[in-house]
Each structure stands twice: as structure tokens, then as C-alpha cells.
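Asker: Okay, handing you the structure first.
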Amino acid sequence: MLLHALLLFLVINPSASYEIAFNYTSFHGANLSLNGVSEITPSGALQVTNRSQQVFGHAFYPNLLQLKNSSSGNAFSFSTAFVFVISLPIVTAAGGLAFVISPSTKLEGCRSQEFLGLFGLTGNGDPKNQVFAVEFDPYKNIDLEDIDDNHVGIDLNSLRSNVSTSAAYYTTKDHKTSKHSINLKSGDPILVWIEYDGIEKLLNVTLSPIQIAGRTSQPLISSKIDLSPILQEFMYVGFSASTGEFTSFYCILEWSFAINGRARDLDLSHLPLYPKPKSSRGISMAHKIEIILSSIVLAMATISGIVYVAKRKKDKETVKEWELEYGPHRFSYKELCDATKNFREDGLVGSGGFSKVYRGVMPDSGMQIAVKCEANNSEEGLRGFVSEISTIGRLRHRNLLPLLGWCKRKTELFIVYEYMPYGSLDKHLFDESTPILSWEQRYHILKGVASALFYLHEQWEHVVVHRDVKASNILLDTDMNSRLGDFGLARLCDHGTNMHTTHVVGSLGYLAPEVSCTGNYTTYSDVFSYGIVLLEVSCGRRPVDMRRLPEEIILVDWVRKCFSKGKLLDVADPRLNGAFVAEDMAMVLTLGLLCSHRMPGARPSMRQVWHYLDGDIPFPNTLPNDIVVNMNENHDCFQALSDEFSMRSSVGTEFLLSGGR
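Quick note, the sequence shown lines up with residues -17 to -1, 1 to 644 if you use mature numbering (1 follows the signal peptide of the UniProt record, and there is no 0).
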């Protein structure tokens, strides 16, 4: 449960300084500012990084805190206590974790690996950073003059620590003080106190295993430092972490903070669950050989069993194969029946293609869930089920739809997600019964989807090509944050490789033209689909609408024509009544045209798209000369696609407009 005590502007002396404090015994429901791959786990831990390589995560208290009584004044005293865990799948680490005080929650130009998500190549050491950090670094970087691969350091605008020492703690017994080393990457929780005395200009950093009750007798670091030149009057406090070539979990389990007061002592008796490393310490060579031989025998027996089961029931073998790869919670069929009241029709919230989606409530916890049901006995249906589970089950990103578990009953397949009460994006765009999305909401939604695709394409351990990016697969939570879902068509490949298939899948209107010609799916195929979503959200029109005038049926062509005539803003959704920033609208529309360029090589990457939308890099002033060329010009494959549109329109407009699986 979140304990969040906030005492604002309690005057404690004539200088009008104040006292403020907050305390998180769990991060469930915490309204933190999260960036990168940071997220709150189902157990209530703050996971700053996941098991992906070369990523960073930021997690900040969402409100600015006053740390000085004026811009030129002295820094206030502050105190913080937290429990962290560094859990490594292998013993080698890269990156690190830091407690941070920063003027912004967006650390511009930050990088992963040895930069801890704090700075980049050019920003490291810049006095304009005005960043204070205490780093807990399990990696030795010679370029940064690290003392070892298990140290604590005080960083002022730079990752070359002003003060650093090997991680350790002190105990006192019989009036004798002893120093004990502590392994930052042991996978065990470590308790930290950081205390700054604004009057004495003294910074103390203390570490301790959680088994030792109370604050230890002596701080690990006690240094005379004046933070007044570093800190601004108002700043953010939080955590930053990064991974490198090797994956690392950096988790915060509890956290308290106070200004002009002592941070509340933490309750160490109910720490949330956290990832734990697999240890091989203390295993003899003989025992290792025994384990290897036993594993070989077990593997042979397992293979024999799998072959036997495969001959009896092919679909069972497929799910067994997936279960070996990843095993989220498996719900019983009775649990899902109880939650959905036997899949009553009044709980049906969506349907299409092979599946239906029901809303449910778990009786024990009261959690709202969405149950995607597929009654399909075909190999294609089972393959899509396995793909969706094995793909999204291993992904962790705040803009991806959270997977809770699965169920299989004979030929019925069930995937359980967190319920998104605001439904899908296309519902808010085209259902007249829903409130009109403001431009600010639309921009925020588009940024979220861009962040999710950037993660899938570049920030996870494999490349994930979604292959079905469209408005109906973008869900909205209660805060109107976008969650990209439906990974039934998604496929994995290694970085630097392409994906080829002879079976073209996707949704009409969103499908990249080269896919229908070559069958090659790349990240740029997803970029094309995302470009259509950009236009769809900005214009308030479907990608293909047979009810329009002939020149307006295909959305991307219509926008290109208006762009070539210098009337780009004429395509903006009229329901906005002009309530948008013209420069932003023009940028999003132009970016949509770039992303949906007929040539894959002319499209930007999702990394570039994300930075354009976030304002990190300027949008280019010069654009490709052929950006105004319509999709159906000089492109034989698109003619075939247009013929398919015409053929399907005779079956019924509604089928064409709905699309999807």
C-alpha cells in the first residue's frame, strides 16, 4: 500500500524554509514520472531497468521540490532512505544505478552503458548540467577513472566522481568498529541513507544489508561538499539506471525522502518481490560435471517425451514449446468463467477476425481484466496464440498492453490482459458517443505509440516487428496513455536481419506497399503503418473510406495532394475547431507523410520519429522531392492493392473499414 505523506510549507524558522516529506512502502499506484524502460512491477517494486541490453530508465517524484530559498541562496538540508537491488543474470555487469537530483525529469542526451542514463558523450562534465547524483556502480570504467567494479561515488555534473570508495558498511561491537565489504551485484537488498546538512555543508552516504536493524555506526562516505552551486531552487528527485552489453535488473523496493528533516525509517518486513539471480557459487567441478550429465539425460528424456506427445496432439506440443520459453500465469478456465460471468454477452467489449474480447473482474482481487478468446482449431490460430504470448509476455514497456496470463481449453484459447477502460483509439476517433480527443491528448497518445515502437525495434534484446500497427490496436488507460496491443501477428528477428514470409498479413490501409510485393517485413513496415496512424489521428479520418470523394478515398494520397498545394492544415480534423498549435499539426502531418513514403529507405526510423515528437532533435527543413508523389503513381504493386480495395468494397464497406484479424 502506498503511504504518501506530503507536508507543504511548514515554516520552521524566520528564513521561511520549509519541510516536505514523502514515503513509499510500495510503488503500487505511485504517480511517478517514468522514462525509458522504467516501470512498476505487479509486486509493487520500482524496476528502473529490465533485462534488455543497452537501455536506460528514469523514475522521478512527479513534483518539483524546493531545495533552496532562492536561486542564489544556500541549499537546504535533505535526507533520503531507500532499498535497492541489483540482480544480474550473469556475473558481469555494465551500467549502474544512481540517486539523482536533477532540474528536469528528461535528462537530455543521456546514454546507457557506463553513463547510467544521466549524461551523454558531450554532456558529461558540463557545469550547466546542475545534476547531483550518488552512484552505485557494479562496473569499472577506466575512462571514467572508476576505482573498481563495486563502488559508491558522489557525482557533481559528471560521472567522474568527486568522491568514491568501494562498497562497504560498518558495525560496532564492544566499542570496536569493523568495516565489512558489501557486494552491490549480489542480488540481495541493500539499504541506503543519504543525508546532506545544508548548514555544515556535509554529505553522508551510508550502506547496510537489510539484516542489520537501524542505521550503522559510521557512514561509508562523509564529505564536505557545498551543493548550493549545483542545486537550483526547484528540482526533481529520483533514480536513474542503465544497462550495457549485459542485462541487469535495477530495482527500488522502498523509498522515503525529506527536506529539512529526517527521512522516515523504512519498513523492511514487507518488501515487494524482485528478480533474483541464479547463483553458481560454491559448486565444485565434480558437482558441475554431475549436473551436466544429469542435464543431458534429462534433456534426452524430455525430447523423447516431446516427440511422443507431438505424435498424439500437435497443438499441445506447440504450447509446451512456448511454455519452455516463457511461462506467465496460467489461469484456470473456471477462474475466467467466474471473472466474466460465464462470458456473458453484456460483457463483450470487442470482436473481430478470429477473436472476441470480454471484460471481467477477478473475484478475489477485484482487478479488472480483458479476456481475449479465440475458438480456433487451425494451425494458424494456434500459431498466432503462441506468438502473442511468447512475444508480449517477455516485453516490458509502459506503452505496451500488460499481459496478465493465459488459458487453453481444448480448442479454445484465452489471453488475459489488464483492462483498459477507455477502449481503443479508433473508438475515440470515430464513435460519436465518445468525447472528442483534444490535440494535446492526441499528441500524447502518438508519442506513447512511438515510444513503444522504438522499444520494440531497437531497445529490446531482439527486433520485434509488430506487423499490425493500427488505431484499433492502440488502447487507452484512465490517464489517456496509449498501450500498443495485439501481438498475434508479431515476429521476432535478430538485430541487423530482415524478416521474409510468403504470407502477407496486416490490415488494409495500414499495409506498407513493399510488403504486398516482396513479402519482406522490416521495422520500416511498422513505420509506414505508424505514419498512417499519424495522419488518421490528425485528420480524424480512416485510412480508406469508400464514402468519400474519389480523390479523398485513400487518406495518405489526399494529404499529399493538400501538401503539394500548400494547404496542409486544411486536412486537420474539423472537430478540433482549430484548437491546436499550427506548427505541431504541420509537423505531425508532414511526419506522417514521411513515415508513409512509398520507398522504405526514405522513411525515418522510430528512433528518429520519437525524438522529433519529443522535441529532442529539430524536424528537417528539407524533405524528399517525391514526398508529394501519390502511392498509386509509378508503383505497380499499389495498383494491385487498389484493385483489392475495389473488390472488397463490393462485399461491404463495413468489412473494409474494420480491417484487422
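Think of the CB as a built atom: it goes at the ideal place given N, C-alpha and C, for glycine as much as any other residue.
Tell me the rounded alpha-carbon separation between L256 and H445.
Answerer: Computed Cα separation, rounded: 26 angstroms.
Asker: Assuming contact is defined by CB atoms lying nearer than 9 angstroms, are W422 and F314 in contact in what I supplied?
Answerer: No, they are not a contact pair.
Asker: With a threshold of 8 angstroms on Cβ separation, who are the neighbours of D528 within its own chain once the five nearest residues in sequence on each side are excluded?
Answerer: Result list for D528: E535, I536, L538, L640, in chain order.
Asker: To which residues of the same chain is L517 closer than 7 angstroms at the C-beta, ignoring the five residues directly before and after it?
Answerer: Cβ neighbours of L517 beyond the five flanking positions: L429, V571, L574, G575, C578.
Asker: Starting from the Cα of I235, find the closest Cα among G244, F602, Q215, I173 and give me that residue.
Answerer: Nearest of G244, F602, Q215, I173 to I235, Cα basis: I173.
Asker: For D567 and Y426, which I take to be in contact (beta-carbon distance under 8 angstroms), what is that distance rounded to the nearest angstrom?
Answerer: Correct: roughly 7 angstroms between the Cβ atoms.
Asker: For L412, which residues from the same chain have a beta carbon less than 8 angstroms from its beta carbon, with the 5 sequence-adjacent residues on both sides left out?
Answerer: Answer for L412: L420, A454, E519, V520, G523, listed in chain order.
Asker: Hey, K123 and D109: beta-carbon distance below 9 angstroms or not?
Answerer: Not a contact, by the Cβ cut-off of 9 angstroms.
Asker: Less than 9 angstroms between the beta carbons of V83 and V175, yes or no?
Answerer: Cβ distance not < 9 angstroms, so V83 and V175 don't count as in contact.
Asker: Would you check if the distance between the CB atom of L439 and the CB atom of M403 is smaller than 9 angstroms?
Answerer: Not a contact, by the Cβ cut-off of 9 angstroms.
Asker: Using the C-alpha atoms, what's the distance from F240 back to S231?
Answerer: Those two C-alpha atoms are separated by around 25 angstroms.
Asker: Beta strand (DSSP E) containing M218: first to last residue?
Answerer: Taken as a continuous stretch (DSSP letters only), the beta strand (DSSP E) holding M218 covers 217 to 225.
Asker: So for S161, helix, strand or coil by DSSP?
Answerer: If DSSP states are grouped into helix, strand and coil, S161 belongs with the strands.
Asker: I need the DSSP call for R558, collapsed to helix, strand or coil.
Answerer: R558: helix per DSSP, three-state reduction.
Asker: What's the gap between the Cα of L249 and the Cα of L101?
Answerer: Roughly 27 angstroms between the two C-alpha positions.
Asker: Name the DSSP beta bridge partners of N187, please?
Answerer: Per DSSP, E178, S205.
Asker: Check whether the stretch 42 to 51 touches the stretch 2 to 21, counting contact only when three or more Cβ pairs, one atom from each stretch, lie closer than 8 angstroms.
Answerer: Because the criterion of three Cβ pairs below 8 angstroms is met, the stretch 42 to 51 and the stretch 2 to 21 touch.
Asker: Would you tell me roughly how many angstroms separate the C-alpha atoms of Q442 and Q37, rounded to the nearest one?
Answerer: Each residue's alpha carbon lies about 7 angstroms from the other.
Asker: Name the DSSP bridge partner or partners of R466?
Answerer: According to DSSP, R466 bridges with L458.
Asker: At 3 residues or longer, and completely inside the stretch 24 to 60: list those beta strand (DSSP E) runs for me, N to C.
Answerer: Taking only runs of at least 3 residues, the beta strand (DSSP E) segments lying wholly in the stretch 24 to 60 are 29 to 32, 39 to 43.
Asker: Using a Cβ-Cβ cutoff of less than 6 angstroms, which residues in the same chain neighbour S206 once the five nearest sequence positions on both sides are dropped?
Answerer: The residues are V146, L186.
Asker: Where DSSP assigns a beta bridge to A151, which residues make up the other side?
Answerer: Answer is S164.
Asker: Check each candidate in S60, R392, I130, G78 and name the one with the smallest Cα separation from V31.
Answerer: The shortest Cα separation from V31 among S60, R392, I130, G78 belongs to G78.
Asker: Please name the residue or residues paired with V68 in a DSSP beta bridge.
Answerer: The partner list for V68 (beta bridge, DSSP) reads C234.
Asker: My guess is that Y152 and L210 are in contact by the Cβ rule of under 8 angstroms, so how many angstroms apart are they, rounded?
Answerer: Y152 to L210, Cβ: 24 angstroms. No contact.
Asker: From C320 to F326, what distance separates their C-alpha atoms?
Answerer: Distance between the alpha carbons of C320 and F326 is about 6 angstroms.
Asker: Please classify V393 as buried or exposed, where buried requires at least 16 neighbouring CB atoms within 10 angstroms.
Answerer: Residue identity check: residue 393 is Lys in the sequence provided, not Val. It is exposed - the Cβ of K393 has fewer than 16 other Cβ atoms within 10 Å.
Asker: For D129, which residues of its own chain have a beta-carbon under 6 angstroms away from its beta-carbon, when the five flanking residues on both sides are left out?
Answerer: Closer than 6 angstroms at Cβ, skipping near neighbours: K123.
Asker: Could you work out which residue in L467, T417, M463 is closest to F437 when comparing CA atoms only?
Answerer: Of the listed residues, the one whose Cα sits closest to F437 is L467.
Asker: Kindly indicate which three-state DSSP category H11 falls into: helix, strand or coil?
Answerer: H11: coil per DSSP, three-state reduction.
Asker: DSSP state of V564, grouped into three classes?
Answerer: Note: V564 maps to coil in three-state DSSP.
Asker: I think A64 touches F119, with their Cβ atoms under 8 angstroms apart; what is that distance to the nearest whole Å?
Answerer: About 14 angstroms; that fails the 8 angstroms criterion.
Asker: Provide the residue span of the alpha helix (DSSP H) that contains V510, from first to last.
Answerer: 506 to 522 is the span of the alpha helix (DSSP H), which, as asked, contains V510.
Asker: Return helix, strand or coil for E357, following the three-state DSSP convention.
Answerer: Of the three classes helix, strand and coil, the one that applies to E357 here is strand, per DSSP.
Asker: Would I242 pass as a contact of V188 if the rule is Cβ separation under 9 angstroms?
Answerer: Against a cut-off of 9 angstroms, the Cβ pair of V188 and I242 comes out as no contact.
Asker: In terms of DSSP beta bridges, what is G333 paired with?
Answerer: BP columns for G333 point to V340.
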